[in-house]
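Visitor: Can you keep this structure in mind? I'll have questions shortly.
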Amino acid sequence: MRGYISFLLVLCILVCIFAFLEPFPAINGLTDSDAIEAERTNAVSMNAKETLLLSTSYWLRASAMAYDMLPESKWNKIEREVAIKAGILSGWALLNPEQFDDDFEVVFWCSKINSKTKEELSKQMIDEGKILAPKAANAFPLDCAGLIDLHQKSGYTSGEKDKVYLRSPQVFEVVGASIYSKKYGTANVVYVPSTEVIQ
Amino acid sequence: MKGQVTLEELLSFGVYLLLLSMLIAAVFNLRDTGEEWSTKTILRAEAGSFARTYDAFYNSNLYNPHKNYSGAGSGYIELEEVAVPVLSGKTEVAVGEAV
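These protein sequence lines are chains G and B, in that order. Each residue of the first sequence is one higher than the one before, counting from 225 in this note's numbering. Each residue of the second sequence is one higher than the one before, counting from 59 in this note's numbering.
Printed below as a string of structure tokens:
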């Protein structure tokens, strides 16, 4: 009889334990991987955008500095502008989209966009499973020279700096990048705001 | 004397059965409580995971390909099957009534 009672007691305790352990497999199955993928996509997007900004800034200053090493008598504002723009374009040509992240593809472009471009192009990339530039995009960087809005400093002693806006004076055209990850199924579109001052 | 022994044994066995039935009832009651607790725990965990995913896409201004929930990041999100208010970073699961 005592053995029977002990058996029942152990059985009862086991039932209780299993009742309380039930949720743990389900909880362990939950992960935050979707959130982490989103954050990684955002990080690569910000890297791409910052790369554009830093490249433009560096080649603006480097090209201007190289031109300003000419004798003052040979300075010409138009030639200086051409030299700086050529420098910025050559800097963009050196960007390597494949080196951002192994899990992501990045492509730079310049294009007319509207308020829906970001969402629509992101959705299109995910639906089609490949990286895409906007339909109206021009070849990067050669056909993007028109978006380099250069404001040269007026004098060499005033402490002013050369400034660049990446924008088109007529239409809402910007320099940007598409980011897509086949592995994660995430996509994003970033661009340099037309009001961003690059020095 | 023999009859008295039998009566005592019967009484003893009756008390034993009573105690055993109480124990079994308590176990089933505990099991029900455990199931309810596990459901709430799983829902809380799911809600937290969904909220975190939603916030990650929303805060990063990314197109969200996951369509199993909608709503605002700071107010509440709605799962397909259960409403999950998210208040001050904590998730409260409501199945029928708020917990």
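We treat Cβ as the ideally placed atom computed from N, Cα and C, and that holds for glycine.
Take the Cβ of E139 (chain B) as the centre, count every other Cβ of all protein chains shown within 10 Å, and call the residue buried at 16 or more, exposed below.
Guide: At E139 (chain B), the pLDDT of 49 sits below 50, so the modelled position is not reliable and the matter cannot be decided from this model.
Visitor: Helix, strand or coil: which one does DSSP assign to C336 (chain G)?
Guide: The sequence given here places Lys at residue 336 (chain G); Cys does not occur at that position. Correct three-state label for K336 (chain G): strand.
Visitor: Assuming G311 (chain G) is part of the alpha helix (DSSP H), what are its boundary residues?
Guide: Here the alpha helix (DSSP H) through G311 (chain G) covers K301 to A317.
Visitor: Answer yes or no: does any C-beta atom of chain G fall closer than 7 Å to that of V63 (chain B)?
Guide: No, V63 (chain B) lies away from the interface with chain G (no Cβ there is under 7 Å from its Cβ).
Visitor: Classify S257 (chain G) as buried or exposed, calling it buried when 16 or more other Cβ atoms lie within 10 Å of its own Cβ.
Guide: So S257 (chain G) counts as exposed.
Visitor: Residues of the segment 96-127 of chain B with a CB closer than 7 Å to any CB of chain G: list them in chain order, please.
Guide: Hits within the stretch, in order: S96, T99, I100, A103, E104, S107, R110, T111, A114, F115, S118, L120, Y121, P123 and H124.
Visitor: Which of the three DSSP states is assigned to A357 (chain G) in this structure?
Guide: DSSP places A357 (chain G) in coil when its eight states are reduced to three.
Visitor: Would you kindly work out how many angstroms separate the C-alpha atoms of V268 (chain G) and D326 (chain G), rounded to a whole number?
Guide: In a straight line, the C-alpha of V268 (chain G) is about 11 Å away from that of D326 (chain G).
Visitor: Would you mind listing the alpha helix (DSSP H) stretches within the segment 341-408 of chain G that are 4+ residues and don't spill past its ends, in chain order?
Guide: Listed in chain order, the complete alpha helix (DSSP H) runs (minimum 4 residues) inside the segment 341-408 of chain G are 341-352.
Visitor: So which residues on chain B does E343 (chain G) lean against when the C-beta distance must stay under 7 Å?
Guide: What E343 (chain G) touches in chain B: Y121.
Visitor: Have a look at E322 (chain G) and E329 (chain G) and give me their C-alpha separation to the nearest angstrom.
Guide: Roughly 7 Å between the two C-alpha positions.
Visitor: What residue range does the alpha helix (DSSP H) around V268 (chain G) cover?
Guide: Here the alpha helix (DSSP H) through V268 (chain G) covers S257 to Y291.
Visitor: From the beta carbon of V73 (chain B), is the nearest beta carbon of chain G less than 7 Å away?
Guide: For V73 (chain B), the answer is no, since every Cβ of chain G falls outside 7 Å of its Cβ.
Visitor: Please say whether W316 (chain G) and A361 (chain G) have beta carbons closer to each other than 7 Å?
Guide: No.
Visitor: Below 8 Å, how does it come out for the segment 384-394 of chain G and the segment 339-352 of chain G: are there three or more Cβ pairs, yes or no?
Guide: No: the two stretches stay apart, fewer than three of their Cβ pairs being nearer than 8 Å.
Visitor: On the three-pair Cβ rule with 8 Å, is the segment 302-314 of chain G touching the segment 275-294 of chain G?
Guide: Flag = yes, the segment 302-314 of chain G and the segment 275-294 of chain G touch.
Visitor: Does the beta-carbon of S405 (chain G) have 16 or more other beta-carbons within 10 angstroms, so that it is buried, or is it exposed?
Guide: Classification of S405 (chain G): buried, given that the 10 Å Cβ count is 16 or more.
Visitor: Starting from L78 (chain B), find everything on chain G with Cβ-Cβ shorter than 9 Å and list it in chain order.
Guide: Within chain G, the residues near L78 (chain B) are I229 and L232.
Visitor: Starting from the Cα of K407 (chain G), find the closest Cα among G:M349, G:L233, G:E344 and G:L235 and give me that residue.
Guide: That would be G:M349, whose Cα lies nearest to the Cα of K407 (chain G).
Visitor: Count the other C-beta atoms from every protein chain shown that fall within 10 angstroms of the C-beta of S279 (chain G), then say buried if there are 16 or more, exposed otherwise.
Guide: It is buried - the Cβ of S279 (chain G) has at least 16 other Cβ atoms within 10 Å.
Visitor: In this structure, what does DSSP give as the bridge partners for A411 (chain G)?
Guide: According to DSSP, A411 (chain G) bridges with G:Y404.
Visitor: Is the beta carbon of S392 (chain G) less than 7 Å from the beta carbon of L371 (chain G)?
Guide: Cβ atoms of S392 (chain G) and L371 (chain G): closer than 7 Å.
Visitor: Say yes only if the C-beta of R391 (chain G) is nearer than 6 Å to one or more non-hydrogen atoms of the ligand ATP, and no if none qualify.
Guide: Ligands are entirely absent from the displayed structure, and the ligand ATP is therefore not among its contents.
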